[in-house]
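Working notes, structure below.
Protein chains: 2
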Amino acid sequence: MITTKKRGGLANVVAGDSNICLCGATDESLLIRGYSIEDLAQSATFEEVVFLLLAGRLPKRGELFEGSYEVDELFLKVPQNASPMDFLRTAVSLAGTLWADEPNPALRLITSLPTILLSWMKQKKLPLKRGSIAKNFLELLHEKEATAKQIRALDISLILYSEHEFNASTFVVRTIASTMSDYYSAICGGIGALAGPLHGGANERAYDLIHQFKSADEAEKKILEMLSQKIRIMGFGHRVYTTKDPRSDIIKNIAQSLASAASDSYLFEVANRIEEVMWHEKMLFPNLDFYSALVYHWLDIPKSLFTPLFVLSRLSGWSAHFIEQQSNNKLIRPLSNYTGPKHQPWIPLEER
Amino acid sequence: MITTKKRGGLANVVAGDSNICLCGATDESLLIRGYSIEDLAQSATFEEVVFLLLAGRLPKRGELFEGSYEVDELFLKVPQNASPMDFLRTAVSLAGTLWADEPNPALRLITSLPTILLSWMKQKKLPLKRGSIAKNFLELLHEKEATAKQIRALDISLILYSEHEFNASTFVVRTIASTMSDYYSAICGGIGALAGPLHGGANERAYDLIHQFKSADEAEKKILEMLSQKIRIMGFGHRVYTTKDPRSDIIKNIAQSLASAASDSYLFEVANRIEEVMWHEKMLFPNLDFYSALVYHWLDIPKSLFTPLFVLSRLSGWSAHFIEQQSNNKLIRPLSNYTGPKHQPWIPLEER
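Line order of the protein sequences matches chains R and C.
Numbers -7 to 344, taken from our numbering, label the letters of the first sequence in order.
Numbers -7 to 344, taken from our numbering, label the letters of the second sequence in order.
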């Protein structure tokens, strides 16, 4: 049992009330609007979770959005050498200038940003197909039909990444919202935070880690070496959870089910062994990012899109927090502890 | 003496160490890297304050940056109907895709963003003139020479707005930085936060307030009415200071000195009367935004550029905080207090 109280970086500091998500530190559970993440992954679609997050309740029949938006040419002008994360941040900022009169910016962004991203990557205006966001993404990316199993794997991944309480990017969204700024500004901030390797970038680095080993035995040997050299292993541990991430079992099952059809199915054994070693040596458990890397790999999603997919999902949680923050607002403005010098006398340039 | 402890929104919560700025809650003073705001406004140039913020010490002779950067055509393609704040957020995001190899993004952004903004507004690539940022801004904006008095007024305003501890936008910059994300992402977040009317937008609203009165007597009468109707008066009070904002006296003096040459100098008397009424009725003091509105008005700066000028100045403080956060990093990740339902049973769509 790990009982050390985590400190610094506002760890364990309650920064506000929220009725969106319970990230249970005691029973290691996750509830979104009161629904368990297990139930949502089992029974909901990502579109239902989006509705649940934005409206605070599950949709009735006929309430789910089924429209589509055209992709503006301007998005394609963002330089091609930009990273997809830089593109998403810029695209949302541009959307703020293009969609000024949009009555429901959250719904529009969640439903159209996947197509905007892929249109930019392929440098052609893609149609926003009917069907789920997951199906649309896979089929526009690969330019062929996806199987029901592939679509549902991505759909569940989008559900798992959709919302997670006051994580760094969501807290950025809320802090920007607390100045009563606009939706697009808040989301730009969230994307910027998620771009950091300590936040959204972890699944890319988990992929690099797993992918470098040819067998479970090799992984065990090398991970032990890395631990002895105090190298940080990405995809393990969590600021809030202390013994397990409830999302990890769900995504691990999906990874296992996709492995059976893959030519490099040994990667699942590699990942599983890394998990065993990390628990045995450090009492650290895999978080959502670890097995997500394998799921995306077996969905033929390039690594550069792992973190962007996190954005396309988390947009839903960010939007819920934006709405909640502004509905009962208080400016978020902490203090710092000053550690610098006091009362420095001014010295003119010529005497320095 | 106001002693009520302010609560909520992390008020009075220390979120980390910093040696950049002391925003003195007890003696209502402001130190930047240990130098008093009075000394800096009296003797420094904005360029020296930028150096002080970025490097942690005053520059020696020959150390100040004197180069220039060309404006990229891409910036001019941002839609003309965007607000200048939306433009700045988008421009910084685009800069992140254009300047990937820039070794000193902070210095480049601080010295070139004023020209980029004005180039977009005028839809032509403007030259980055030699001379101070204040002189460059006024002369490119008005397309004529500015007087030394005008230039120094803007220069001091840039100094006063440059840095202010863990305010909402700076805290956003630090939270994004704490994921080890990139500089441009962090600054985009800062701009987004500053765009909110409870933060950077206050000087625009202070201008609207002052400008609606034809005399000091009218202002007194109307402000009393507004207070009795519980209407919030912008430009007064502060989350940290309780009896005065040390920057206000400095900018008030500048406003007074510019008033003498203005045809609408009565606005200074209007503002002064509002200040008296607010103190008498509510024990609230003007913050930096209040008299800044008049200074900008008398520098012929359009209201839509008030908050953008705040950005062009605060870039320096944000940059210092970005560097400091990443030099000794800890992910900023607080908790929320969950107020929603627990254990909602899943209900299939057809039964809802």
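For each residue, glycine too, the CB sits at the ideal point set by N, CA and C.
From a predicted model like this one, the values you see are computed outputs, not experimental measurements.
- Cβ contact annotation for R/V42 (same chain, cutoff 7 Å, sequence separation greater than five): I102 and S308, in chain order.
- In the structure shown, the three-state DSSP call for R/L201 is helix.
- In terms of beta-carbon proximity, R/I151 stays away from the interface with chain C, with every pair separated by 8 Å or more.
- Between the alpha carbons of C/T235 and C/S149 lies a distance of about 21 Å.
- Beta-carbon to beta-carbon, C/A254 and C/V287 are separated by about 11 Å, too far to satisfy the 8 Å threshold.
- At the C-beta level, R/I243 and R/E155 stay beyond 8 Å of one another.
- The Cβ of R/V5 sits closer than 8 Å to at least one Cβ of chain C.
- DSSP places C/N329 within a strand segment (E or B) once states are collapsed to three.
- DSSP places C/V84 in the uninterrupted alpha helix (DSSP H) bounded by P76 to L90.
- Rounded to whole angstroms, C/Q317 and C/D256 show a C-alpha spacing of 45 Å.
- Interface with chain R (8 Å Cβ-Cβ cutoff): C/V70 is included.
- In the three-state reduction of the DSSP assignment, R/D292 falls in the coil class, being assigned neither a helical nor a strand state.
- In terms of beta-carbon proximity, R/R25 lines the interface with chain C, with at least one pair separated by less than 8 Å.
- When rounded, the separation of the alpha-carbon atoms in R/S328 and R/H191 is 23 Å.
- Taking a cut-off of 8 Å for Cβ pairs, the stretch 113 to 123 of chain R and the stretch 204 to 221 of chain R do not touch, as fewer than three such pairs fall below it.
- Spatial neighbours of C/S305 in its own chain (CB-CB distance under 6 Å, excluding positions within 5 residues in sequence) are listed in chain order as L150, Y153 and S154.
- Proximity to R/R81 across C/K334, C/D78, C/L80 and C/S85 peaks at C/S85, based on C-alpha coordinates.
- Contact of C/Q115 with chain R by beta-carbon distance below 8 Å is absent, the smallest such distance being about 15 Å.
- Bridge pairing for C/P278: C/F228 [DSSP].
- In this structure C/L146 does not touch C/L32 by the C-beta definition: roughly 15 Å separates them, more than the 8 Å allowed.
- Fully enclosed alpha helix (DSSP H) runs of no fewer than 4 residues occupy 160 to 169, 175 to 186 and 194 to 203 of the stretch 146 to 216 of chain R, in order along the chain.
- Not one beta carbon of chain R lies nearer than 8 Å to the beta carbon of C/K121.
- Less than 8 Å separates the beta-carbon of R/M270 from that of R/I225.
- When beta bridges are read from the DSSP output, C/L101 appears opposite no residue.
- With fewer than 16 other Cβ atoms inside 10 Å of its own Cβ, C/D200 counts as exposed.
- Straight-line spacing of the CA atoms in C/I108 and R/L276 works out to 48 Å.
- According to the DSSP assignment, R/D241 belongs to no beta strand (DSSP E) but to the alpha helix (DSSP H) extending over P238 to A251.
- Between R/S104 and the set R/N96, R/E342 and R/V63, the nearest pair of CA atoms involves R/V63.
- The three-state reading of DSSP puts C/A138 in coil, since its state is none of H, G, I, E or B.
- Burial check for R/P238: the Cβ neighbour count within 10 Å reaches 16 or more, so the residue is buried.
- Non-local C-beta neighbours of R/V164 in its own chain, meaning closer than 6 Å and more than five positions away in sequence, comprise G181, G182 and A185, ordered along the chain.
- Nearest CB-CB separation between R/M226 and chain C: not below the 8 Å threshold.
- Contact between R/R325 and C/N159 holds, since their C-beta atoms are separated by about 6 Å, short of 8 Å.
- The beta-carbon distance between C/Y283 and C/A263, rounded to whole angstroms, is 6 Å. This is short enough to meet the 8 Å contact definition.
- When C-beta atoms of the stretch 54 to 68 of chain C are compared with those of the stretch 166 to 175 of chain C, fewer than three pairs fall below 8 Å, so the two segments do not count as touching.
- Chain-order list of chain R residues neighbouring C/H335: L23, G26 and S28, by C-beta distance under 8 Å.
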